[in-house]
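Below: one structure, written as structure tokens.
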Amino acid sequence: FPLRNVPEGAVVTRMAPSPTGFVHLGNLVQGLTSERMAHQSGGVLFLRVEDTDAKREVPGAVEVLIDTLKHYGIAFDEGATKDGDFGIYGPYRQRQRAAIYHVYAKKLVEEGMAYPCFCTEEELSAMREKQEAMKVNFGYYGEFAMWRDRSIEDIQAQLAAGNPWVLRFKSTGSIENQFKFDDLVKGKLTITENDVDHVLLKSDGIPTYHFAHAVDDHLMRTTHVVRGDEWLPTLPFHIQLFKALGFKLPKYVHIGPLMKMDGNSKRKLSKRKDPELALTYYKAEGFPVEAVYEYILTILNSNFEDWRRANPDADLDEFKFSPKKLNPAGSLFDYAKLTDVSKNEIAKMDAQKVYTLVTEWATEFDPDFAQKLKADPDFAKAIFAIGRGGKKPRKDLAIWKEAKVLKPSFVTNASAVTSPGVTTLPLNCFISFYLL
Ligand code: GLU
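Whatever position you read off the sequence shown (first residue = 1), add 224 for our numbering.
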């Protein structure tokens, strides 16, 4: 695992999803942040599959993730691919790296920083009940850490009896102590030390996320860990672990959640309540990729919109993305704003491009419409050309789904129908005329 041959200051980062099958906007936010940071600096973006929890794994999830991110212009330089692994820092799927984790686990045991724990489920629940009664913090720490200081004879007896065990970290931290930490998004944080003897290896010998990410990010020469801020509570443990293993700590970029307005209050986008959290939703609605990408940039970097106004035709690569501009509390996702961005993006396209993209969308989501578009491409393009180009291009189309509408839109829109100038008619009127 040699040092990487990248320019000074280059960002080497990764996406490290668990293959659960659901690709959401948060994945795109993390992917885009990582991709921009890596490629803007001449660094590397790789894909590592964190498949240590076999129970949650959904077959084909890695392929779906790769395809979906690629659709949004996020391509990996290295890592897991649809045809196996690519790169010299592999394997890039954690279950295949078990032997590597074991080397470091043994090192920690030898150095007195990890130990086997033979606690049963019943003992752990009894511990929890006791902690509840005593009104103290939950967890395996201090006086509750039953196997922390057990003799080698006790351990050998358990091993000889074939009892299952996990490997735990022997924490030397105390919740009485605090230290300062600099996160690239959250800024200066005051962190309380971890005193819990967390699990490093589960009873099947497979590591927990905490241990696996420390070993992998060290060996894969990651310089920046970009991830959701749900990992902040375990950051004190991660810092401890890197130190114990003798690894240089990477820089951390903890991204806040995506929020939406619900009445007058903000709340996190939820998988259960908000269909717009799934990335597949945008494809099915027919948002052009460019629009989603531009919109995500506007919510991630507050100066992006000004830059775009000053450079309307510039390539996105020219925008200087900075993780420091991310809102530490999370970004507000505004569907209406996305729709506006999309109208602008579509307004910039010529009729040929609109035709191609609408047809591509319709082929997958509205075959009947696709068939009509393909039957007479020149006529369809002529319709898409209406009001396009010039200084004030039409901006009434936000999603491909709206391209073929729907009788009511012109039946109810009397002023548009009677308007004398054809170019002021909504695009969908024409399509509707054409198709009905
Ligand atoms: N497997 C973790 C997750 O899916 C990755 C977190 C990270 O990027 O380090 O949340």
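Glycine residues also receive a C-beta, built at the ideal position from the N, C-alpha and C atoms.
Note down, in chain order, each residue of its chain lying with its Cβ closer than 8 Å to the Cβ of ALA708, except the 5 sequence neighbours on either side.
In the structure as shown, the chain starts at 225 and stops at 660, and residue 708 therefore has no counterpart that could be examined.
According to DSSP, simplified to helix, strand and coil, what is GLY255?
Within the sequence shown, the letter at position 31 stands for residue 255. Helix at GLY255.
Counting pairs of beta carbons, one from the segment 617-624 and one from the segment 506-523, are three or more of them closer than 8 Å?
Yes, since at least three Cβ pairs between the segment 617-624 and the segment 506-523 fall closer than 8 Å, the two stretches touch.
Please indicate yes or no: does the CB of HIS437 lie closer than 6 Å to some heavy atom of the ligand ADP?
The model depicted lacks the ligand ADP and carries the ligand GLU instead.
C-alpha gap between GLU518 and ASP541, whole angstroms:
Walking along the sequence shown from the start, residue 518 turns up at place 294. Walking along the sequence shown from the start, residue 541 turns up at place 317. Their backbone Cα atoms lie some 11 Å apart in a straight line.
My understanding is that VAL409 touches VAL360, with C-beta atoms under 8 Å, so please give their C-beta distance in whole angstroms.
By one-based count along the sequence shown, residue 409 stands at place 185. By one-based count along the sequence shown, residue 360 stands at place 136. Not quite, the Cβ-Cβ distance comes to about 32 Å (not below 8 Å), so this is no contact.
Tell me whether ARG451 counts as near the ligand GLU, meaning its Cβ is closer than 6 Å to at least one heavy atom of that ligand.
Locating residue 451 in the sequence shown gives position 227, where the first residue counts as 1. It does: the Cβ of ARG451 is within 6 Å (strictly closer) of some heavy atom of the ligand GLU.
If you draw a straight line from the C-alpha of THR583 to the C-alpha of TYR505, how long is it?
Translated into the one-based positions of the sequence shown, residue 583 becomes position 359. Translated into the one-based positions of the sequence shown, residue 505 becomes position 281. Using only the alpha carbons, I get a separation of about 18 Å.
Does any heavy atom of the ligand GLU sit closer than 6 Å to the C-beta of GLU274?
Within the sequence shown, residue 274 is the residue found at index 50, counting from 1. Within the cutoff, so yes.
Cutting at 7 Å between CB atoms, please list the residues of its own chain near PRO431, excluding the five before and the five after it.
Here residue 431 is taken as the residue at index 207 of the sequence shown, counted from 1. For PRO431, same chain residues with a beta-carbon under 7 Å away, outside a window of 5 residues either side, are THR276, TYR325, LEU424, LEU425 in chain order.
Is the segment 431-451 in contact with the segment 324-343, if contact means three or more CB pairs nearer than 8 Å?
Touching, yes.
Starting from ALA436, trace the alpha helix (DSSP H) in both directions and tell me its first and last residue.
For the purposes of this step, residue 436 is taken as the residue at position 212 of the sequence shown. 433-443 is the extent of the alpha helix (DSSP H) around ALA436.
Nearest residue (CA-CA) to LEU271, options ARG392, ALA299, ILE520:
One-based indexing of the sequence shown puts residue 271 at position 47. Among ARG392, ALA299, ILE520, the Cα nearest to that of LEU271 is on ALA299.
Does the segment 496-503 come into contact with the segment 246-266, if we say contact requires no fewer than three beta-carbon pairs (one atom in each stretch) closer than 8 Å?
Touching, yes, given that three or more Cβ pairs across the two stretches are closer than 8 Å.
Which ranges does the beta strand (DSSP E) cover as unbroken runs of at least 3 residues, wholly within the segment 402-487, from first to last along the chain?
Counting only runs of 3 or more, we get 402-407, 411-416, 423-425, 448-452, 475-479, 482-486.
Tell me where the beta strand (DSSP E) around LYS294 begins and ends.
As a working note, residue 294 is residue 70 in the sequence shown. LYS294 -> not in any beta strand (DSSP E); alpha helix (DSSP H) instead, spanning 285-295.
Please state whether the Cβ-Cβ distance between ILE256 and ALA262 is less than 7 Å.
For the purposes of this step, residue 256 is taken as residue 32 along the sequence shown, with counting starting at 1. For the purposes of this step, residue 262 is taken as residue 38 along the sequence shown, with counting starting at 1. Note on identity: in this sequence residue 256 is Leu, with Ile being the wrong assignment. Going by C-beta atoms, LEU256 is not nearer than 7 Å to ALA262.
Which first and last residues belong to the alpha helix (DSSP H) in which SER349 is found?
Position 125 of the sequence shown holds residue 349. From DSSP, the alpha helix (DSSP H) with SER349 extends over 345-358.
Three-state secondary structure (DSSP) of ALA638
The residue you call residue 638 lines up with position 414 of the sequence shown. Note that ALA638 scores 36 on pLDDT, short of 50, meaning its location in the model is unreliable; the coordinates nonetheless yield the value given after this. In this structure, ALA638 counts as helix in the three-state DSSP scheme.
Whose C-beta lies closer than 6 Å to the C-beta of SER375 among residues of the same chain, with five residues either side of it excluded?
Your numbering for residue 375 matches position 151 in the sequence shown. Cβ neighbours of SER375 within its own chain (closer than 6 Å, five residues either side excluded): none.
Excluding the 5 residues flanking PRO231 on each side, which residues of the same chain have their C-beta closer than 6 Å to its C-beta?
Translated into positions along the sequence shown, residue 231 becomes position 7. GLY266, listed in sequence order.
Classify LEU383 as helix, strand or coil using the three-state DSSP reduction.
If you number the sequence shown from 1, residue 383 lands on position 159. The three-state secondary structure of LEU383, taken from DSSP, is helix.
Output the distance between the C-alpha atoms of ASP539 and ASN527, rounded to the nearest integer angstrom.
Start at 1 with the first residue of the sequence shown, and residue 539 comes out as number 315. Start at 1 with the first residue of the sequence shown, and residue 527 comes out as number 303. So the alpha carbons of these two residues sit roughly 16 Å apart.
So, helix, strand or coil for ARG317, using DSSP?
Here residue 317 is taken as the residue at index 93 of the sequence shown, counted from 1. When secondary structure is reduced to three states using DSSP, ARG317 falls in the strand class.
Could you check whether ASP428 and ARG392 sit closer than 7 Å to each other, using their CB atoms as the reference points?
Taking the first residue of the sequence shown as 1, we reach residue 392 at position 168. Taking the first residue of the sequence shown as 1, we reach residue 428 at position 204. No, the Cβ-Cβ distance between ARG392 and ASP428 is not below 7 Å.
If I measure Cβ to Cβ from ALA609 and keep anything under 6 Å in the same chain, skipping five residues before and after, which residues do I get?
Here the question's residue 609 lines up with position 385 in the sequence shown. Same-chain partners within the cutoff: ALA575.
Top-ranked residue by Cα proximity to GLY314, from VAL578, PRO536, GLU274:
The count along the sequence shown starts at 1 and reaches residue 314 at position 90. Comparing Cα positions, the closest option is GLU274.
7 Å Cβ shell around LEU581 - same chain, five flanking residues per side excluded:
For the purposes of this step, residue 581 is taken as the residue at position 357 of the sequence shown. Here the set comprises PRO512, TRP624.
How far does the alpha helix (DSSP H) with VAL513 in it reach, from first residue to last?
Residue mapping note: residue 513 aligns to position 289 of the sequence shown, counting from 1. Where VAL513 is concerned, the enclosing alpha helix (DSSP H) stretches over 513-524.
Following a CB-centred definition, is SER258 positioned closer than 6 Å to any heavy atom of the ligand GLU?
By one-based count along the sequence shown, residue 258 stands at place 34. Result no, Cβ not under 6 Å from the ligand GLU.
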